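Data first, discussion second: the structure below is written as structure tokens.
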Amino acid sequence: MIWLQTPPWGRWAVATLIAAVSLWIEFRPEEMTPHPFALDDIPAGTIIDDSNTETRMVPIGTFTRVDLGQVARITIPAGDPVLFSQLGNAGTAAPKGWWSLEMPLPLGSRPGDAALIVLLDSDQIADAVVIEDPGDDPLGAGTGLVAVEAGKAPDVARAAGEGRAVVMIAPP
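Anchor point for the sequence shown: position 122 equals 125 in the working numbering, and the numbering is continuous, going up by one each time.
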């Protein structure tokens with residue numbers, strides 16, 4: 004008498020529905036969002052905008068959202084995505100007319116920090132702004148990029164080359 008029973012249509016329908024939903028979840032199109040990528044190498048201290056980036060679509064959640072108009076804290080290679088950790092405030096760009104040079108910086112210095120450069124063996128002090136931090140590499144050189152006012156830039160560069168310059172960072 005078992006062969007006279009009706010087939011389990013309900014179970015088949017539920018199994019088909021579960022299979023269809025799981026296939027849809029697996030193969031559904033991902034939601035995309037625009038994200039900036041570097042067109043060419045973007046040097047540290049450069050403002051990130053439409054002229055040096057291109058927008059590409061990436062899946063949502065791949066990168067933290069970044070806003071244009073911020074400054075690159077480090078050099079961003081061509082073709083790489085612009086990451087939130089690579090950017091600083093617009094105030095970290097070198098002031099107009101100032102010169103940038105690489106110098107040993109104190110630990111914990113960040114782009115945008117106000118600094119004073121003391122020239123040893125003289126009475127000269129130069130105002131400065133940290134443009135690029137030295138990074139977190141414990142085996143690195145500990146050097147970063149500092150912008151110096153134009154009038155004192157030659158003296159600071161000479162003293163830095165001779166090892167007679169010290170950078171002081173203002174506490175936050």
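C-beta atoms are modelled at their ideal positions from N, C-alpha and C, and glycine is treated no differently.
Quick caveat: nothing in here was measured; it's all calculated off a predicted structure.
Which same chain residues end up closer than 6 angstroms to residue i when comparing Cβ atoms and leaving out the 5 residues on each side of it in sequence?
{"i": "I120", "result": "A129, A131, V159, A168 and V170"}
{"i": "D83", "result": "A41"}
{"i": "I63", "result": "E34 and T36"}
Check the C-beta distance from residue i over to residue j and give it rounded, since I have them as a contact under 8 angstroms.
{"i": "A41", "j": "A97", "result": "Actually they do not touch by this definition, with Cβ atoms about 20 angstroms apart."}
{"i": "G147", "j": "E135", "result": "5 angstroms"}
{"i": "G72", "j": "I50", "result": "7 angstroms"}
{"i": "I79", "j": "V85", "result": "6 angstroms"}
{"i": "A173", "j": "D116", "result": "7 angstroms"}
{"i": "D43", "j": "N55", "result": "7 angstroms"}
{"i": "V133", "j": "A118", "result": "6 angstroms"}
Return the chain-ordered list of same chain residues with a C-beta closer than 8 angstroms to the C-beta of residue i, the five sequence neighbours on each side being excluded.
{"i": "T58", "result": "P37, H38, P39 and F40"}
{"i": "A18", "result": "none"}
{"i": "D53", "result": "L71"}
Would you call the CB atoms of residue i and residue j closer than 8 angstroms?
{"i": "G178", "j": "P107", "result": "This structure leaves residue 178 out entirely; the chain is present only between 4 and 175."}
{"i": "A47", "j": "A81", "result": "no"}
{"i": "L110", "j": "A162", "result": "no"}
{"i": "P137", "j": "S112", "result": "yes"}
{"i": "T65", "j": "F87", "result": "no"}
Where do the N-terminal and C-terminal ends of the alpha helix (DSSP H) with residue i fall, by residue?
{"i": "R161", "result": "A156 to G164"}
Consult DSSP for residue i and reduce its assignment to one of helix, strand or coil.
{"i": "V17", "result": "helix"}
{"i": "W102", "result": "strand"}
{"i": "A23", "result": "helix"}
Locate the beta strand (DSSP E) running through residue i, then write down its first and last residues.
{"i": "T78", "result": "No beta strand (DSSP E) contains T78, which DSSP labels as neither H nor E."}
{"i": "I120", "result": "A117 to L122"}
{"i": "A131", "result": "I128 to E135"}
{"i": "F87", "result": "It is not in any beta strand (DSSP E) - F87 carries neither H nor E in the DSSP assignment."}
{"i": "V181", "result": "Residue 181 is absent from the model: the chain starts at 4 and stops at 175."}
Between residue i and the rest of its own chain, which residues show a CB-CB distance below 7 angstroms, the 5 nearest in sequence each way excluded?
{"i": "V61", "result": "M35, T36 and H38"}
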